[in-house]
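Everything below concerns the one structure shown next.
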Amino acid sequence: MPRRTRPASRPPPRRTRPSTAPSPQLNAKSLSKKVTIEKAQKPPETTRKANEVIQNSPDLSSEDDSEEQDEDLEGESQSSGSEDEAEHDIEDADAPRAVQWVDDEWEDAPGPSKPRKEIQDDISSLSMGSLRTAQRALVQAETISDSEDDSDDEQVESTSKTTASKERSDHERPKAAPRSSKHAPMEMTSKRPVTRRRTVVEVKTVQPRDPRFIPLSGELSEEKYRHNYAFLTQAHKSELQILRENLKRARKLLVSSPKHLRSEREGEVEKLELAVKRAESAVNKDRREEVERGALDKLKKEEKEKQGQGKGSWWMKEADKKKLLTRARYDALAQSGGERAVKKAIEKKQKKIGQKEKKSRPFGKRSAPSEGAGRPNKRPRTG
């Protein structure tokens, strides 16, 4: 079985101990050899750490004590022989010898501050829990030191990358030349590469055209438009007549329809009523436009005759035009329905205007009703 290394706190055997008594026969070479032997006997750091681990276990410490006693006995028996050998070495100073290299850390490393017995007593007095916490603290300190080293390396790499990118950007982007004034145009560099793409065959893109907003259609002529689309007026009238007949038939079917078909036929009647209203509005619009156009044509003809007699140019105002068109509508209504239709239309118009004014009128605070005044919300009679 190989022999263990000697612990740091254990003194060397007597055969290797240097003699403390000064000798007159020592010269410079013998003194240097003595110092070299003492330096070589200093153990390294790893040996001391291993010895401290061995000291923690009581079984190993007892074995070490027994081995020390045996070695001390052997050293006493061999003390006489070792002294003679040491004197022989000192006398033979000119003999060849081997020099051992010693590290500087071993020379500077301090020796054990406490004896081995005291250290063992201190460790044995500690509990297992405190020893376990100390071990965990050591492991945590090692991990923190490793993480700090990694973070420092990453930080150094990131700073080097940022500096390299800045240098590259500064190198790639030269400063633009200053302008003569802030209103001067920006000068573009000619060193930028031109794209390699070229249009070999030009394809004409189809642009949508709206005939209402292009000059090819010319100006709008209302006379030509009426002449070309005169059939729309007659189509609106025939459509209104057909829808009225269909609505009349649907209402008759709704009256005599069974219960499971009533909801469906009610929906059909509602749809036909809306269609009839749209057709009536289209027919009324055509009739109104025809009346207004006739009134404007009549006025234009009269003004043209007056200008032929020497009158100057004249343009109608919007207010005068509105009055003229309203009078023309009422005249046409009187010819078709009489004075009663005109009166009915005027009342309907006034009612509509009154409702708008009533909605826009702010409401005042209501006063408390007096006793015996009847209903509180009833308006009092005026007149």
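Reminder that position 159 of the sequence shown reads as 159 in UniProt numbering, one-by-one numbering, no gaps. Don't be surprised by glycine CBs; every beta carbon is placed ideally from N, CA and C.
{"Check": "Name the residue from Glu280, Gly218, Gln335 and Val203 whose alpha carbon lies nearest to the alpha carbon of Gln234.", "Outcome": "Glu280"}
{"Check": "Between Arg244 and Val276, which are expected to be in contact by the criterion C-beta below 8 Å, what is the C-beta distance as a whole number of angstroms?", "Outcome": "6 Å"}
{"Check": "Evaluate Ser180 with the Cβ neighbour count: other Cβ atoms within 10 Å of its Cβ, from every protein chain shown; 16 or more gives buried, anything less gives exposed.", "Outcome": "exposed"}
{"Check": "Just to confirm the assignment, what range does the alpha helix (DSSP H) spanning Gly338 have?", "Outcome": "It is not in any alpha helix (DSSP H) - Gly338 carries neither H nor E in the DSSP assignment."}
{"Check": "Any idea if His183 is buried or exposed, counting beta-carbon neighbours within 10 angstroms, 16 or more meaning buried?", "Outcome": "exposed"}
{"Check": "When the Cα of Ala282 is compared with those of His236, Val194, Ser130 and Ser145, which residue comes out closest?", "Outcome": "His236"}
{"Check": "Mind checking Ala328: buried by the 16 CB within 10 Å criterion, or exposed?", "Outcome": "buried"}
{"Check": "In whole angstroms, what separates the C-alpha of Arg288 from that of Lys344?", "Outcome": "17 Å"}
{"Check": "Do Glu266 and Leu253 count as a contact pair if the criterion is CB distance below 8 Å?", "Outcome": "no"}
{"Check": "Rounded C-beta distance between Leu272 and Leu247? I'm assuming under 8 Å.", "Outcome": "4 Å"}
{"Check": "Taking the Cβ atom as the reference point for each residue, do Leu325 and Glu302 lie within a distance shorter than 8 Å?", "Outcome": "no"}
{"Check": "Exposed or buried, which one is Leu220 when buried takes at least 16 other CB atoms within 10 Å?", "Outcome": "exposed"}
{"Check": "Does the beta-carbon distance from Arg249 to Val269 come in below 8 Å?", "Outcome": "no"}
{"Check": "Which of the three DSSP states, helix, strand or coil, is assigned to Ile242?", "Outcome": "helix"}
{"Check": "Distance, Cα to Cα, Ile123 vs Thr163?", "Outcome": "54 Å"}
{"Check": "At the level of alpha carbons, what is the spacing between Lys352 and Ala332?", "Outcome": "21 Å"}
{"Check": "Is the beta carbon of Ala137 within less than 7 Å of some heavy atom of the ligand ATP?", "Outcome": "Annotation note on the ligand ATP: not contained in the displayed structure, which lists no ligands."}
{"Check": "Using the beta-carbon count (16 or more within 10 Å), is Ser9 buried or exposed?", "Outcome": "buried"}
{"Check": "Roughly how many whole angstroms lie between the Cα atoms of Ser127 and Arg6?", "Outcome": "28 Å"}
{"Check": "Just curious, the alpha helix (DSSP H) that Ile119 is in, first and last residue?", "Outcome": "Arg116 to Ser125"}
{"Check": "Whose CA, out of Glu339, Leu299 and Ala334, lies closest to the CA of Asp320?", "Outcome": "Leu299"}
{"Check": "The alpha helix (DSSP H) spanning Gln307 covers which residue range?", "Outcome": "Lys259 to Gly308"}
{"Check": "The alpha helix (DSSP H) that contains Lys224, what's its start and end?", "Outcome": "Glu222 to Asn228"}
{"Check": "Going by alpha carbons, who is nearest to Tyr330 out of Ile242, Arg4, Lys349 and Glu187?", "Outcome": "Lys349"}
{"Check": "Where Thr199 and Pro208 are concerned, what is the direct C-alpha to C-alpha distance, given to the nearest angstrom?", "Outcome": "23 Å"}
{"Check": "Nearest to Glu187 by alpha carbon, out of Val194, Ala176 and Arg196?", "Outcome": "Ala176"}
{"Check": "Candidates Gln335, Asn284, Ser336 and Leu296: which alpha carbon is nearest Glu318's?", "Outcome": "Leu296"}
{"Check": "Work out the CA separation of Val206 and Ile214 for me, nearest whole Å.", "Outcome": "16 Å"}
{"Check": "Leu240: buried (16+ other C-beta within 10 angstroms of its C-beta) or exposed?", "Outcome": "buried"}
{"Check": "Let me know the secondary structure DSSP gives Ile214 once reduced to three states.", "Outcome": "coil"}
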